[in-house]
Amino acid sequence: MSKKTALKPFTPEDIRRIRFVSDPMVHPDGKRVAYVVRTVDKDRSKNRYRAEIRLTDRTGRRQRVLTADEMDSDSPSWSPDGRYLLFLSKRTGDEKKQIYLLPADGGEARRLTKVEGGVRSAEWSPDCRTIAFLSPTDPRGEYSAKIGDGKPFTDEIQVLDHALWQFNAIGSRLDKRLHLFVVPRRGGRPVQLTDGPWSVGGPFYGAVAYSFSTDGKHIYYLATPEPEDDWAAARRVDIHVVDLDGRNRRRITDFPGLFVAVRQSPTGELLAIGSDLARGYASPNRIWRIDPKKGKYQALLPDMDLSIGDGLVADVKFPTKYHDPWISPDGKRVRMRITQRATVRLAEVDLEGESFSWLTPDDLGVIGWHSNPQGDLRVEIRSTMTALPELWSIDEQGVERRITRLNDRLLARRKVFPGRPVHFTASDGEQVEAWIHLPRGRPKGGSPLVLAIHGGPKAIYGHIFFLEFQMLAGAGMAVAFSNPRGSDGYGEEWAQAVHGHYGERDYQDLMEFVDHLLSLDLGLNPERLGVCGGSYGGFMTNWIIGHTDRFKAAVSQRGITNWVSFFGTSDIGYFFNPDHVGGLPWSDPDLYAEKSPLTYVENMHTPLLLIHSENDLRCPLEQAEQLFIYLRRLGRTVRLAIFPEETHELSRSGKPNRRMERLRLILGWFGERL
């Protein structure tokens, strides 16, 4: 191959070249598919993504753009009769996204709403006459604490009466209560159906927070019952119902856990996805059958030791509309995604026989999907370790067609490194799945090795493209990743293994993984080892360098260093810590110290790069600041990079230029020291 056509490695700048696909929506006739493509604005000074809605036939041969990308449009949804495409867009004169309607047979889009808080999501009624939507409201004037004269405090002051007052990537909940509205398709003033100092969707903003009843007379929605104490508020999301005029609002279930999605079957029963938290937050999401009148619930497939949902960690997928569970027209079958081992697969459940079968293979990740009501055409967003996400269609005969080629040109010009399986047997006899991206060639002395650790810990690495890994491999570094104890996809016992035992079996799995790699003939240099991770992976990176000096460089991102301060500053700390660490900081100070990486700071000699976001509410910036100051005082090699305005989601959906700077920092740190 000539120099002119030589393949180049992936670089941080490729964030600007990747086309991110999301939100596929199959037309009711099964012949057309709408979907969203996001790209980085060519004007670098704007530092933003542009989103446009495209339309393709079921074969992918005929493609066209429905909305210009400067309009920033997403969340398409066909009306049940197929006559209209609803979408959210921010256009001239819009301060925030509003609902627009586009005739399916052509014409101009019409704005349907102009609500002050903007629209977060929207759903059609079965008869196509009404659209329900969520919009943030500001309840502080009516519901906040009052001073002595009975007047509310000014908007600049946030007066807190409850612990669950903020949420990562959202900020303060006090002025962002999501509530349910309806508006006629023909237009008119929206009617607010719910109100109060709580949010539809619950404290974690459920994936399918609301849906119409099959007769279109009611809306089922998720919410935390009120009043509740702070502890219960973080562990309870129930199903409620309300009429379209806002009357007869009531709670249906008395569930001991968290529902994340609800839909009504043609048979009349409700089907919901959620966890009963029987063993804490690592308890799997299951599918539940619910009597909408009596509120009685029963788990389907109670012996299925897997969790419903998408646990794949990646840096090339944008949030996409959640369509699980899909229910067949006769109410006998349900489809949903399940995290299984190192991937996310689509499964179909037979409700009569209570059995399920896989619809997708185990060597790719389904990170989004949709089906028309009949189920004779479904579209999936698929990715592998060597292929960026693209759309695939699958017809009633099971014939698969790739219908987008958004990133083919980029992949054809880049070196792409396959993920080689390197599974191993841990010292306690358990099989741990693992992979490695090996750089090309074998340099004298061997290649440096970077151990990557995922967050969660209830998440997985697996069959999905990872730009960061490809970039490091292209720079000559081997990148190894695994699913140690605590990961999702391997059953409840596997996920539960770290609860109350952080830094124990998980640490052993990771160190034994490195030992295993070095025992293989892979051309690795044992003196050139690096380690990195984010969130829980950041915690584990901090823990590792406090317990071994085998690594020559480390990158800890959005991590945890001090469980005591995390308890009081994280948006989830006060209920996450008792579940994952165990105990409470005032009654179990020795345990909290024992499990905090900061305790072992004097043992840390590995050069450390700390990457953190200014507005990270999940793992607050103070976690990195503490470790940075401690290490500086000890005279160790440490650097702290703080990203302004960004949240815990920097690596996945942060501003484009900042995502590139983050990758440059990682590449430079390891490049200089390994």
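Numbering of the sequence shown is given in the numbering used here, commencing with residue 984 and proceeding in unit increments.
Note that CB positions come from ideal geometry on N, CA and C, so glycine has one too.
Residues of the same chain with a CB within less than 7 Å of the CB of residue 1578, apart from the 5 flanking positions on each side, are 1485, 1486, 1546 and 1564 in chain order. Per the C-alpha coordinates, the member of 1488, 1245 and 1432 positioned closest to residue 1278 is 1245. Inter-residue distance for residue 1026 and residue 1049 is about 22 Å (C-alpha atoms, whole angstroms). When the Cα atoms are used, residue 1538 and residue 1070 turn out to be separated by approximately 40 Å. Around the beta carbon of residue 1569, fewer than 16 other beta carbons lie within 10 angstroms, which makes this residue exposed. Residue pairing by DSSP places residue 1340 opposite 1331 in a beta bridge. The beta carbon of residue 1263 sits closer than 7 Å to the beta carbons of 1482 and 1562 from its chain, once the five residues preceding and following it are set aside; these are given in chain order.
Boundaries of the beta strand (DSSP E) harbouring residue 1513: 1507-1517, taken from the DSSP string. Within the DSSP bridge table, the entry for residue 1636 names no partner. By the Cβ criterion, the stretch 1452-1467 is not in contact with the stretch 1358-1365, since fewer than three pairs of Cβ atoms, one from each stretch, lie closer than 8 Å. Straight-line spacing of the CA atoms in residue 1005 and residue 1540 works out to 26 Å. When the Cα atoms are used, residue 1261 and residue 988 turn out to be separated by approximately 57 Å. Residue 1295 places its beta carbon less than 8 Å from that of residue 1350. CA-CA distance, residue 1399 to residue 1369, rounds to 6 Å. Using a Cβ distance threshold of 8 Å, residue 1655 and residue 1617 do not count as a contacting pair.
Here residue 1150 has 1156, 1554 and 1600 as same chain residues with Cβ atoms under 7 Å from its own Cβ, once five neighbours each way along the sequence are excluded.
In the structure shown, the three-state DSSP call for residue 1440 is coil. Taking every protein chain shown into account, the CB of residue 1322 has 16 or more other CB atoms within 10 angstroms, so this residue is buried. Looking only at 1493, 1490, 1505 and 1404, the smallest Cα-Cα distance to residue 1422 is reached by 1505. Residue range 1450-1457 is occupied by the alpha helix (DSSP H) that includes residue 1456. Our two residues, residue 1328 and residue 1573, have alpha carbons roughly 42 Å apart in a direct line.
By the 16-neighbour rule on beta-carbons within 10 angstroms, residue 1338 is exposed. Our two residues, residue 1035 and residue 1450, have alpha carbons roughly 23 Å apart in a direct line. Cβ neighbours of residue 1241 within its own chain (closer than 6 Å, five residues either side excluded): 1220, 1257 and 1258. Residue pairing of residue 1008 in beta bridges, as defined by DSSP: 1017.
Beta bridge pairing from DSSP links residue 1175 with 1164. Taking residue 1194 as reference, the option from 1152, 1248 and 1168 with the minimal CA-CA separation is 1248. Distances from the alpha-carbon of residue 1096 to those of 1172, 1163, 1033 and 1146 put 1172 closest. In the DSSP assignment, residue 1319 is bridged to 1330.
Taking the Cα positions, residue 1116 is about 7 Å away from residue 1103. The beta carbon of residue 1341 sits closer than 6 Å to the beta carbons of 1328 and 1330 from its chain, once the five residues preceding and following it are set aside; these are given in chain order.
Counting C-beta pairs with one atom in each stretch, the stretch 1006-1013 and the stretch 1057-1065 have three or more that are closer than 8 Å, which means they touch.
Per the coordinates, the alpha-carbon of residue 1288 lies some 15 Å from the alpha-carbon of residue 1326.
Within the DSSP secondary-structure output, residue 1234 pairs in a beta bridge with 1223. Boundaries of the beta strand (DSSP E) around residue 1040: 1032-1040.
Between the C-alpha atoms of residue 1477 and residue 1468 there is a straight-line separation of about 5 Å.
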